[in-house]
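Enquirer: The structure is given below, and queries will be raised subsequently.
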Amino acid sequence: MAAVSQDKNGKEISRRYVNPDFPHFVHGADYNPEQWKHDRTIWDEDMRLMRLANCNEMTVGIFSWAEIEPSEGTFDFSVPDEILDKIHRAGGKVILATPSGARPRWLAEAYPEVLRVSPEGQRYAFGERHNHCYTSPAYREKVKTVNTMLARRYASHPAVIGWHVSNEYGGECFCPLCREAFREYLRKKFDNDIGKLNIAYWTAFWSHTYTDFSQIEPPSPLTDRSIHGLNLDWRRFVTLQTVDFMRAEVEPLKEADPSKPVTTNMMCGYEGLDYFKFRDILDFASWDSYPQWHSGDQEAAASEAGFWHDFYRCLKNRPFFLMESTPSMVNWHPYNKPKRPGMDVLSSLQAVAHGSDSVQYFQFRKSRGSCEKLHGAVVGHDGTEHTRVFRSVAKTGSILKTIDEVCGTAVKSDVALLLDWENMWALNDAQGYARDPSVKNYFGTLYAYESVLSRMGVNLDVIHPEDDLSSYRLVIAPMLYLTTEKTGRNLISYVNHGGTLLATYFAGTVDENDLCFFGKTPGRGLHELFGVEREETDVLYPDQTGKVLFEDRVFDVKDFAEVLKLSGGADALAVYEDDFYKGTPALTVKKTGNGSAYYQAFRGSKDFTEELLKRLLRKTGVRSCLKEAMNERGLLPDGISAHTRTDGKHVYLFVGNYEDRQSDVLPLGKEMLDMLSGEILSELSLPPFGFAVLKYGI
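Here our numbering is used: the sequence shown runs in plain steps of one and ends on residue 1447.
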C-alpha cells in the first residue's frame, strides 16, 4: 500500500512505489550469466562484486531463450534456478525478463513464418535480434509457452520483484500475415466501406482509387508512399500490433501473480512506435538512456535525457525506472567517449531528479565477444572492483541508499509540453516546408523547451494533447501540425477555463487522416481560439535569418515564418522586421474566456524562447525552485539545472552542474539540509559534474 501525505493545499500525495514490497531505490544491471556458464566460479565472484558495487538488483533472462529451451519443448531451468537463488542469498532482488527479444535458432528453422519479411518482400534469415513477426501465430504460441513456464516457476520466488517483458520492442514486418492483418485493421476502421477509405486517403489524386480492401498494400519502396493517410495508418497498425503482442506476453505473467508489476524497456526518441499506446499494459514505465555526453554541447545532451525522463514519468503518472544506462561508454554512438569523472553519478541522479526510482546499467559484467564486447559495464574485462568505473557505480549506489526516503515521491509540475507521435509521423511525411524531417526537427524543438525550463529551475510534464490539462498553469504545444477533434476541444476548453496556452507554427494544418483543413487555418477552431489566420509559410534556407521585434529587442528567425493576419480580438506582441511580410504579426495573444492563447508564428532563436518563457512564467505565477540563484536573464548560471520531488511535507531539491568546472556560489534563499553531507546550507557551490540533493520542509 502506498504511503499518503498531503501537499500545502491539503491535496493528498501518495508515495507510489513500483513494488510496495520493496520500497527502495533499485540499483542494478542487466545480468547475462549464461555467457559465463563454462566457468561458474565467476557467478560467485559476481555476487561479491554486486554487494561491493552497492547494487541491490539484477535484471535476468532478457536473451536466455536458447538457454532455457535449447530445443523445442525441452526446458532446462537449472541456470536461472541457480542464479536467482544466488542473488537472493546475496541480498539482491531480480527483475525477471521474458526472452522474446531474441528467439532461438531452432524456432526460426522449424517455423520460418516467425521471421520478418522486408519491405521488398524478402524473408530475413535467422540473425541479429528482434527479427520476429508480431502477427505470427506460431511465434505467439511459442512465446506464450515459455512465458507461462517462467511465470509458474518464478512468480513467487522471493527475489523476483517485477517483470521485464521482451526488450526494446520495435520494427515492422511485411509478410502475408501482416499485410492481411493490416487490411483487416482498415476494414474495421472504415466500416468495411472502401469509399470511406478513398475519401480519407484522397486517392482520386494520381488516380490511386481502391475498389477493394484486398488491393491495399503497406507503404514501401515497391508499393506506394505518396498516400499520406495510408502511411499514417500503417504506422498506427504497427504500434497496435506490437501492443497486442505485448498484451499477449503479459497475460500468463498476470495469471501467475496479478500483483507483480510489469514493464518493458523503451527507447530515446524512437519514432517507430507510439509509446502512449503502451500505457494501459504497463504497470510502470522504464527506458534506456544513452546520451552523447562530452560531445561539445552538454546542455543539449542533458535536455534530451531530461525530456525523456519527464515523458516516461508522465506516461504512467508515477515514478519510472531508468532500466539501462552505461557507467562509462557505449559501443554504437558515432564516437564512443567514456564518461568523465563525476558524469556517471550526475547523469544517474538526473534521472532520479526527474522521477526515476532506479539506476540500472547495461550490463553488469562486460561480454568477452560479439558486438557488445566493448560496451561499458560495471565490471570490466579485468574482472575486479579496482577500476574508476566500478568505484563510480559504488558511489551512486551509496548515494541512493543515503537518499532512500526520496523513493516513491512525486514530481509536481505547473508546466506541460505536448508530444504526439501521430503528429510527428504526419509532419515528417509532409512534402511542403522542408522535405528533410531533420529540418523540421520535431523532437529537437521539444528538447529546446526542456532545456530552457531546466535552466529556469522549473519542473516539466511531457504529455499527450488529449490528456487532462486542467492542473497546469502553462501548456506549450509546439508544431501541432496534425490536430484531432478531441485535441482541438481540449485546448479550447483549457484556455476557456483560465489556462495559458502557447502554440507555434504549423498548428492545425491537417486532421487525423492527414487531410488539410478547408477554410481558415489553424483548423479545429484554433483560428478562433488564437484570433489569427495563417495565409502563407515562408521557408528559410539554412544560411538565411529573419528578424522579429519583441519587447524592443530584435531576435532571429530561422527555418520557418508564417504570414498571419489578426482576426477576432488578438493582439500582436511581436512583428517581423524584414521580407515582404515586414510589420505583420509574428507573436500574438488573445484573451479567451478566463485564459490566454499565444501563437508564435516562427521558429525563434534560443534567446527568444528564454525571453518569452520568462514572461509567460511570470504571468502565470510559475516559480523557479532555485529562484535566488537566477541571473538577470531569468536563468540559472551556465550548466546548472534544478528540479524537485516532494512527499507533500518536504521538498527534495536536486541541483546539477553539467560543466567541467567549479560552479559559482548559488544562494538557496533558505536553509536546507544537504542529504549527502548532513550539513545545513544556505548557499551551494558544485564541483565539475557535481550534484547536490537538498531537503527542506513545505
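Glycine included, every Cβ here is placed at the ideal spot set by N, Cα and C.
Since the structure is predicted, the reported quantities are computational estimates derived from the model, not experimental observations.
Does the distance from the CB of Ser-885 to the CB of Val-863 come in under 7 Å?
Expert: Reading the sequence shown from its first residue, position 136 is the one you call residue 885. Reading the sequence shown from its first residue, position 114 is the one you call residue 863. Closer than 7 Å, so yes.
Enquirer: Under three-state DSSP, which class holds Glu-808?
Expert: Mapped onto the sequence shown, residue 808 falls at position 59. The identity of residue 808 in the sequence shown is Thr, whereas the question assumes Glu. DSSP places Thr-808 in strand when its eight states are reduced to three.
Enquirer: Taking the C-alpha atoms as reference points, what is the distance between Asp-1153 and His-773?
Expert: Position 404 of the sequence shown, counted from the start, is the residue given in the question as residue 1153. Position 24 of the sequence shown, counted from the start, is the residue given in the question as residue 773. Spanning the two alpha carbons is a distance of roughly 6 Å.
Enquirer: Please go through the same chain and pick out, in chain order, the residues whose beta-carbon is closer than 6 Å to the beta-carbon of Pro-1416, but skip the five residues on each side of it.
Expert: For the purposes of this step, residue 1416 is identified with residue 667 of the sequence shown, where counting begins at 1. Counting only Cβ-Cβ distances below 6 Å, and skipping sequence neighbours, we find Glu-1377, Ala-1378 and Glu-1432.
Enquirer: Quick check on Cys-927: does DSSP put it in helix, strand or coil?
Expert: Numbered from 1 along the sequence shown, position 178 holds the residue referred to as residue 927. Three-state DSSP puts Cys-927 in a helix.
Enquirer: For Lys-1161, which of Glu-818, Pro-1386, Arg-1302 and His-1103 has the nearest alpha-carbon?
Expert: One-based indexing of the sequence shown puts residue 1161 at position 412. It is His-1103 whose Cα lies nearest to the Cα of Lys-1161.
Enquirer: Would Ile-1447 be called buried (16 or more neighbouring beta carbons within 10 Å of its own) or exposed?
Expert: In the sequence shown, the residue the question calls residue 1447 occupies position 698. It is exposed - the Cβ of Ile-1447 has fewer than 16 other Cβ atoms within 10 Å.
Enquirer: Between the C-alpha atoms of Arg-1302 and Glu-1326, what's the straight-line distance to the nearest angstrom?
Expert: Locating residue 1302 in the sequence shown gives position 553, where the first residue counts as 1. Locating residue 1326 in the sequence shown gives position 577, where the first residue counts as 1. Near 11 Å, if we compare the C-alpha coordinates of Glu-1326 and Arg-1302.
Enquirer: Whose C-beta lies closer than 7 Å to the C-beta of Gln-964 among residues of the same chain, with five residues either side of it excluded?
Expert: Locating residue 964 in the sequence shown gives position 215, where the first residue counts as 1. Taken in chain order, the list of residues that qualify is empty.
Enquirer: Can you tell me whether Asp-1301 is helix, strand or coil according to DSSP?
Expert: Locating residue 1301 in the sequence shown gives position 552, counting from the first residue. It is coil, neither helix nor strand.
Enquirer: Buried or exposed for Asp-788, please, with buried defined as at least 16 other CB atoms from any protein chain shown within 10 angstroms of its CB.
Expert: Locating residue 788 in the sequence shown gives position 39, counting from the first residue. It counts as exposed.
Enquirer: Are there 16 or more other CB atoms within 10 angstroms of the CB of Phe-1440, so buried, or fewer, so exposed?
Expert: For the purposes of this step, residue 1440 is taken as the residue at position 691 of the sequence shown. Flag for Phe-1440 reads buried.
Enquirer: From the DSSP output, which residues share a beta bridge with Pro-1416?
Expert: One-based indexing of the sequence shown puts residue 1416 at position 667. In DSSP, Pro-1416 forms a bridge with Glu-1432.
Enquirer: Count the other CB atoms within 10 Å of the CB of Ala-1448; is the residue buried (16 or more) or exposed (fewer)?
Expert: As shown, the chain starts at 750 and ends at 1447. That puts residue 1448 outside it, with no answer to give.
Enquirer: Which whole-angstrom value describes the C-beta separation of Phe-1070 and Val-767, a residue pair presumed to lie in contact below a C-beta threshold of 8 Å?
Expert: Working through the sequence shown from its first residue, we reach residue 1070 at position 321. Working through the sequence shown from its first residue, we reach residue 767 at position 18. Yes, Phe-1070 and Val-767 are in contact; Cβ-Cβ is about 7 Å, under 8 Å.
Enquirer: Counting along the chain, where does the beta strand (DSSP E) carrying Lys-1376 start and finish?
Expert: Counting from one through the sequence shown, the residue named residue 1376 turns up at place 627. Premise fails: Lys-1376 is in no beta strand (DSSP E) and is neither H nor E.
Enquirer: Cβ of Val-1155 within 7 Å of Cβ of Arg-765?
Expert: Here residue 1155 corresponds to residue number 406 of the sequence shown, with the count starting at 1. Here residue 765 corresponds to residue number 16 of the sequence shown, with the count starting at 1. Contact flag unset, no.
Enquirer: Quick check for students: name the residue ranges of the alpha helix (DSSP H) that lie wholly in the region 774-838, counting only runs of 4 or more.
Expert: Listed in chain order, they are 790-801, 814-817 and 827-838.
Enquirer: Which same chain residues end up closer than 6 Å to Gly-1388 when comparing Cβ atoms and leaving out the 5 residues on each side of it in sequence?
Expert: As a first step, residue 1388 is located in the sequence shown; it is residue number 639 there, counting from the start. Within the same chain, Gly-1388 has close Cβ partners Asn-1406, Tyr-1407 and Glu-1408.
Enquirer: Is Ser-1187 near the ligand PLP, judged by its Cβ being under 6 Å from some heavy atom?
Expert: No copy of the ligand PLP appears in this structure; indeed no ligand is present at all.
Enquirer: Could one say the Cβ of Arg-800 lies closer than 7 Å to chain D's Cβ atoms, at least one of them?
Expert: Considering every chain present, this structure includes no chain D. It has just one protein chain.
Enquirer: Across which residues does DSSP place Arg-872 in a beta bridge pair?
Expert: The sequence position of residue 872 within the sequence shown is 123, counting from 1. For Arg-872, which the question treats as bridged, DSSP gives the partners Val-866.
Enquirer: Could you give the C-beta distance for Val-1312 and Glu-1285, rounded to a whole number, given that I count them as a contact under 8 Å?
Expert: The residue labelled residue 1312 in the question sits at position 563 within the sequence shown. The residue labelled residue 1285 in the question sits at position 536 within the sequence shown. At roughly 4 Å, the Cβ-Cβ gap stays under 8 Å, so Val-1312 and Glu-1285 are in contact.
Enquirer: Are there 16 or more other CB atoms within 10 angstroms of the CB of Ala-953, so buried, or fewer, so exposed?
Expert: Here residue 953 refers to the residue found at position 204 of the sequence shown. It is exposed - the Cβ of Ala-953 has fewer than 16 other Cβ atoms within 10 Å.
Enquirer: Counting pairs of beta carbons, one from the region 1001-1014 and one from the region 891-903, are three or more of them closer than 8 Å?
Expert: Output reads yes: the region 891-903 touches the region 1001-1014.
Enquirer: Could you give the DSSP three-state label for Lys-1444: helix, strand or coil?
Expert: Locating residue 1444 in the sequence shown gives position 695, where the first residue counts as 1. It is a strand residue.
Enquirer: Return helix, strand or coil for Tyr-1198, following the three-state DSSP convention.
Expert: On the sequence shown, residue 1198 is found 449 positions in, with the first residue counted as 1. DSSP places Tyr-1198 in helix when its eight states are reduced to three.
Enquirer: Locate the beta strand (DSSP E) running through Ala-1252, then write down its first and last residues.
Expert: Taking the sequence shown and counting its residues from 1, one reaches residue 1252 at position 503. Start and end: 1249-1253.
Enquirer: Helix, strand or coil: how does DSSP classify Ile-1030 here?
Expert: As a working note, residue 1030 is residue 281 in the sequence shown. The answer is coil: DSSP assigns Ile-1030 none of H, G, I, E or B.
Enquirer: Tell me Leu-1313's beta-bridge partners as DSSP assigns them.
Expert: Within the sequence shown, residue 1313 is the residue found at index 564, counting from 1. For Leu-1313, which the question treats as bridged, DSSP gives the partners Arg-1283.
Enquirer: Just to confirm, are Met-995 and Ile-1030 a CB contact at a threshold of 7 Å?
Expert: Translated into the one-based positions of the sequence shown, residue 995 becomes position 246. Translated into the one-based positions of the sequence shown, residue 1030 becomes position 281. Their beta carbons are under 7 Å apart, which means Met-995 touches Ile-1030 by this criterion.
Enquirer: Once DSSP output is grouped into helix, strand and coil, what is the label at His-1082?
Expert: The count along the sequence shown starts at 1 and reaches residue 1082 at position 333. If DSSP states are grouped into helix, strand and coil, His-1082 belongs with coil.
Enquirer: Would you mind stating whether Val-1324 and Ala-1335 have Cβ atoms separated by less than 7 Å?
Expert: Locating residue 1324 in the sequence shown gives position 575, counting from the first residue. Locating residue 1335 in the sequence shown gives position 586, counting from the first residue. Closer than 7 Å, so yes.
Enquirer: Could you pull out every residue in the same chain whose Cβ sits closer than 6 Å to the Cβ of Tyr-903, ignoring the five residues on either side in sequence?
Expert: Within the sequence shown, numbered from 1, the residue matching residue 903 stands at position 154. If we look at Tyr-903 and ignore the five residues flanking it on each side, its Cβ neighbours are Leu-845 and Val-909.
Enquirer: At which residues does the beta strand (DSSP E) containing Tyr-1348 begin and terminate?
Expert: One-based indexing of the sequence shown puts residue 1348 at position 599. Its beta strand (DSSP E) spans residues 1344-1349.
Enquirer: For Thr-991, name the three-state secondary structure that DSSP assigns.
Expert: Along the sequence shown, read from residue 1 onward, the residue named residue 991 stands at position 242. Residue state, collapsed to three classes: helix.
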